[in-house]
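Residues 429 to 823 in the numbering used here are what the sequence shown lists, from first letter to last.
Here a beta-carbon is modelled for each residue, glycine too, at the ideal position from N, C-alpha and C.
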Amino acid sequence: MASPQTDKQTDNTFQHDVRGYELLEHPHFLLVYVPNNGAKMRLVKPSSDPYHREQIIQRINKEDNLLPHYALSHLWGISHNNPHVWKEIGDYVDDENGQPAAPVSMRPKKRKTLRTLLQSHPDSYWWIDVLCARTDTPLAIMGDIYACCKQCYAMIDCRPDIITSILSMKHRSEESDPASWSIYEHNVAVNTLETFTSSNWWRRVWTWQEAVLPKAVILMAETLPDDVDDNNSMLSIGDLITLYDKILLSSCYYRDTVFGPKPLPNRICYIIEEIRDSRDRNHLLPIGLVAMFKSFALSARKCMDPLDYVYGVLGLFRFDISRKSNPNEAWHLFISELENYLVDPSRIKIENVYQREIAYKLLNNCQACHCNLMSAKDMRDVYECLVDGFIFLDD
């Protein structure tokens, strides 16, 4: 399996340590265990399984205090009329009681890729939403699951050759200065990046936190050929960001020419910079929090269920909000929790007068923020009210 570069600085090692151990004691935290002898996989619950809990504790990375489990990010792509029920999942996985796992929803073309990915990691632990999440799983722990994972694999709804092309460009960029790129090479890079970021995975609300919270994220196509080479089919999100920066640099060398290179579309710039900035930002500071909401207020990400405009970002805050069927009730609960968050010194860091003013302004916006999630077209319609008056922020 490709060795990813470490492409995110951890927030605070003590926080990760605490969050990870809290997960291990949480009764709703389940993991898929992949045996090293090719035996059937099994769901395990660390809080009530002393053997696996101890195995996990022994494997915690002492440098960053991350848990040893992998997490999966993927696009469901199902509907009420077409749920894509995977009835045979019980042939591969047993539940925590030793019985064949109940059928789950997953599009057929992703199933083989997932099995191959799991089998390539013997003696490992995985968090896979369709297997490990239940209707009563608290939404507040979702962020911890991704923030504390060893690595997240993101299965993108794109052609496998797109990843291969991006990797080829990455190697080319490592061997040569962007100033030496021809206009043709530059334009091919822009077109490839444009195709890749047109995938629906980049447009959904839930996948935002799944790209931002983990320390390491590996991007791969959700369908892979039988003769796949891991080194040519997987790309770290850090490498993608580096390539994007070099494409931007390449365009600068041709700025004064009559027939210059194709510029990077604003849509691509926003997608990549949104992820990059969010991964680097300190959300415990008021200004970082406002910058994140500003990012939301500019985002064209959408969701199929209006509730997910709230639930899809809860992981960052660890807000314990109960599940609601009415999206606007969920929004009011979110605003109420945000207000509590802003005045709780144990959760938000206010180190000077400027940060205090930022927190106060955001608190006022919370009290004046009225949004109808039922009519929201994307994240912009939901979160722009929270950054009203923060026009001086330009990060």
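Could you pull the start and end residues of the beta strand (DSSP E) that residue i belongs to?
i, result
"M802", "Taken as a continuous stretch (DSSP letters only), M802 belongs to no beta strand (DSSP E), as it is neither H nor E."
"A649", "V645 to A649"
"R487", "Where R487 is concerned, there is no enclosing beta strand (DSSP E), given that its DSSP letter is neither H nor E."
"A499", "Y498 to H502"
"Y461", "L459 to V462"
"V771", "Per DSSP, V771 belongs to no beta strand (DSSP E) and is neither H nor E."
"V472", "M469 to V472"
Quick check: what's the CA-CA separation for residue i versus residue j?
i, j, result
"V738", "L458", "23 angstroms"
"R543", "N509", "25 angstroms"
"K515", "V558", "13 angstroms"
"N619", "P606", "16 angstroms"
"V532", "S604", "47 angstroms"
"A649", "C560", "22 angstroms"
"P693", "Q486", "47 angstroms"
"V460", "R631", "28 angstroms"
"K789", "L766", "13 angstroms"
"A728", "N754", "22 angstroms"
"E701", "C576", "23 angstroms"
"N659", "L791", "48 angstroms"
"H599", "D673", "14 angstroms"
"T434", "V513", "Since pLDDT at T434 reaches only 44, below the 50 mark, its modelled position is unreliable, and no value is offered."
"R470", "V645", "24 angstroms"
"I484", "E622", "40 angstroms"
"K690", "T541", "35 angstroms"
"L726", "I703", "13 angstroms"
"H456", "R447", "14 angstroms"
"M534", "I488", "30 angstroms"
"K805", "C731", "9 angstroms"
"H497", "Y479", "15 angstroms"
"P734", "L595", "36 angstroms"
"P653", "C586", "13 angstroms"
"M597", "S661", "13 angstroms"
"V781", "L761", "28 angstroms"
"Q527", "I517", "12 angstroms"
"L495", "C680", "42 angstroms"
"I696", "T635", "16 angstroms"
"D705", "D809", "21 angstroms"
Indicate whether at least one CB of chain D lies closer than 8 angstroms to the CB of residue i.
i, result
"H502", "Chain labels in this structure do not include chain D; a single protein chain is all it has."
Report yes if the C-beta distance between residue i and residue j is below 8 angstroms; otherwise report no.
i, j, result
"Y581", "F724", "no"
"Q637", "G505", "no"
"V640", "K722", "no"
"L824", "I669", "Lying before the first or after the last residue shown, residue 824 is absent from the chain, which here runs from 429 to 823."
"I569", "W555", "no"
"L663", "I611", "no"
"N464", "P550", "yes"
"M720", "R707", "no"
"V472", "E524", "yes"
"D748", "P511", "no"
"K538", "T625", "no"
"V633", "M807", "yes"
"D522", "A530", "no"
"I584", "S627", "yes"
"P536", "Q579", "no"
"K468", "Y520", "yes"
"G688", "G571", "no"
"L500", "W629", "no"
"L452", "R481", "yes"
"L676", "S601", "no"
Can you name, in chain order, every residue of its own chain whose Cβ lies under 8 angstroms from the Cβ of residue i, other than the five neighbours on each side?
i, result
"I776", "L712, L713, P714, L717, Y769, L770 and A787"
"F442", "The predicted position of F442 is uncertain, since its pLDDT is 47 and thus under 50; no value can be drawn from it."
"S475", "L452, E453, H454, P455, F457 and R481"
"C813", "N793, A796, C797, H798 and C799"
"D736", "V633 and W634"
First and last residue of the alpha helix (DSSP H) that includes residue i?
i, result
"L790", "V781 to A796"
"L676", "I665 to C680"
"R539", "P536 to Q547"
"V810", "M807 to Y811"
"V640", "W634 to V640"
Who are the Cβ neighbours of residue i in its own chain at under 7 angstroms, not counting the five residues just before and after it?
i, result
"W759", "V738, C799 and L801"
"Y449", "none"
"I763", "C794 and C797"
"S593", "T620"
Within its chain, find whatever has a CB closer than 6 angstroms to the CB of residue i; leave out the 5 residues flanking it on each side and keep chain order.
i, result
"S678", "P606, W609 and H614"
"L546", "V462"
"R784", "I778"
"Y698", "none"
"P773", "none"
"F818", "V718"
request  = May I have a chain-ordered list of the alpha helix (DSSP H) segments no shorter than 4 residues that lie completely inside the region 692-756?
outcome  = 694-708, 714-725, 736-739 and 742-745
query = For the region 553-613, which segments carrying the alpha helix (DSSP H) assignment without a break, of at least 4 residues, lie completely within its bounds, in sequence order?
reply = 557-560, 570-575 and 588-603
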